[in-house]
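Peer 1: Residue numbers (the numbering used here), protein chains in the order written: chain A, 1 to 109; chain B, 110 to 227.
The beta carbon of each residue, even a glycine, is placed where N, CA and C say it ideally should be.
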């Protein structure tokens with residue numbers, strides 16, 4: 001069974017802090033690594049899909065890196081804002097996704 | 110673009126009732142859609158793959174007679190929880206993506222359905 005793990009489980013930071021989360025996965029049979037942001041009562045929003053070892057992607061203050069050989073991806077948020085508060089999910093696969101349990105981020109003003 | 114709509118957002122019903130959940134792709138055609146569920150403090154787990162014009166494929170441990178999937182058009186898949194019982198109470202969510210996008214394309218999700226069986 002494919003196991004995708006995320007850490008930490010939850011995180012509480014102050015506005016302006018930078019933060020990062022980890023997604024770990026088996027390095028064999030890799031297709032793609034997805035990051036989603038999921039706010040309460042909304043649908044998960046795609047942030048990045050990463051397919052190549054060494055990939056780095058950036059969207060505003062959020063960026064992600066991928067290491068398929070050692071089986072991990074990092075998501076970074078620079079200068080966290082209250083509107084960044086959400087659960088961040090990573091998932092492995094192509095179309096059919098295997099999800100981690102997510103990292104719940106709370107950013108206080 | 111690539112919007113997926115799911116309805117209803119929440120359902121509360123009595124044990125033994127059958128509940129239908131709809132998943133629509135609003136601005137693209139989806140030959141394949143995916144149904145997930147999430148129990149408290151667990152991850153989203155794939156239940157089944159809905160295939161337009163053919164039978165759905167179910168993940169191990171998911172009862173196909175319990176969770177009926179119909180994908181009769183290129184924009185609509187329905188999940189019917191038949192004779193629902195309290196243990197079926199969960200969060201159900203669908204996803205789809207426009208065809209031809211390749212391995213680097215994200216899935217687009219509905220808002221999900223919170224199902225509570227009394």
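Considering only the alpha carbon of each residue, which of A:60, A:105 and A:41 lies closest to residue 48 of chain A?
Peer 2: Among A:60, A:105 and A:41, the Cα nearest to that of residue 48 of chain A belongs to A:60.
Peer 1: Check whether chain A comes within 8 Å of residue 220 of chain B, counting only Cβ atoms and requiring the distance to be less than that.
Peer 2: Taking Cβ atoms only, chain A reaches closer than 8 Å to residue 220 of chain B, which makes this a yes.
Peer 1: For residue 81 of chain A and residue 163 of chain B, what's the separation of their Cα atoms in angstroms?
Peer 2: Straight-line Cα distance between these residues: approximately 46 Å.
Peer 1: Output yes if chain A places a C-beta closer than 8 Å to the C-beta of residue 134 of chain B; else output no.
Peer 2: No - not a single Cβ of chain A is within 8 Å of the one on residue 134 of chain B.
Peer 1: Just confirm the distance between the C-beta atoms of residue 105 of chain A and residue 40 of chain A, as a whole number of angstroms; I'd bet it's less than 8 Å.
Peer 2: Going by Cβ atoms, the distance from residue 105 of chain A to residue 40 of chain A rounds to 12 Å, so no, they are not a contact pair.
Peer 1: Indicate whether the contact test is met: 3 or more Cβ pairs, each with one atom in the region 28 to 35 of chain A and one in the region 50 to 59 of chain A, closer than 8 Å.
Peer 2: Cβ pair count under 8 Å is three or more, so yes.
Peer 1: Mind checking which residues open and close the beta strand (DSSP E) that includes residue 153 of chain B?
Peer 2: Residue 153 of chain B -> no beta strand (DSSP E), and no H or E assigned at all.
Peer 1: Go ahead and label residue 119 of chain B buried or exposed: buried means 16 or more other beta carbons lie within 10 angstroms of its beta carbon, across all protein chains shown.
Peer 2: Exposed, since its Cβ has fewer than 16 Cβ neighbours within 10 Å.
Peer 1: Helix, strand or coil for residue 131 of chain B per DSSP?
Peer 2: The answer is strand: DSSP assigns residue 131 of chain B an E or B state.
Peer 1: Using the three-state DSSP reduction, which class does residue 5 of chain A fall into: helix, strand or coil?
Peer 2: Of the three classes helix, strand and coil, the one that applies to residue 5 of chain A here is strand, per DSSP.
Peer 1: My assumption, with CB atoms under 8 Å, is that residue 216 of chain B sits in contact with residue 204 of chain B. Please give the rounded CB distance.
Peer 2: Contact holds; Cβ gap of about 4 Å.
Peer 1: Have a look at B:158, B:131 and B:207 and flag the residue whose alpha-carbon is nearest the alpha-carbon of residue 97 of chain A.
Peer 2: Ranking the options by Cα distance to residue 97 of chain A, first place goes to B:158.
Peer 1: Using three-state DSSP, classify residue 83 of chain A as helix, strand or coil.
Peer 2: The answer is helix: DSSP assigns residue 83 of chain A an H, G or I state.
Peer 1: Assuming residue 59 of chain A is part of the beta strand (DSSP E), what are its boundary residues?
Peer 2: Residue 59 of chain A -> beta strand (DSSP E) spans 56 to 59.
Peer 1: Which value, in whole angstroms, describes the spacing of the CA atoms of residue 145 of chain B and residue 152 of chain B?
Peer 2: Taking the straight line from one Cα to the other gives about 10 Å.
Peer 1: Just the chain A side, please: which residues come within less than 8 Å of residue 138 of chain B by C-beta, in chain order?
Peer 2: None at all; the shortest Cβ gap to chain A is about 15 Å.
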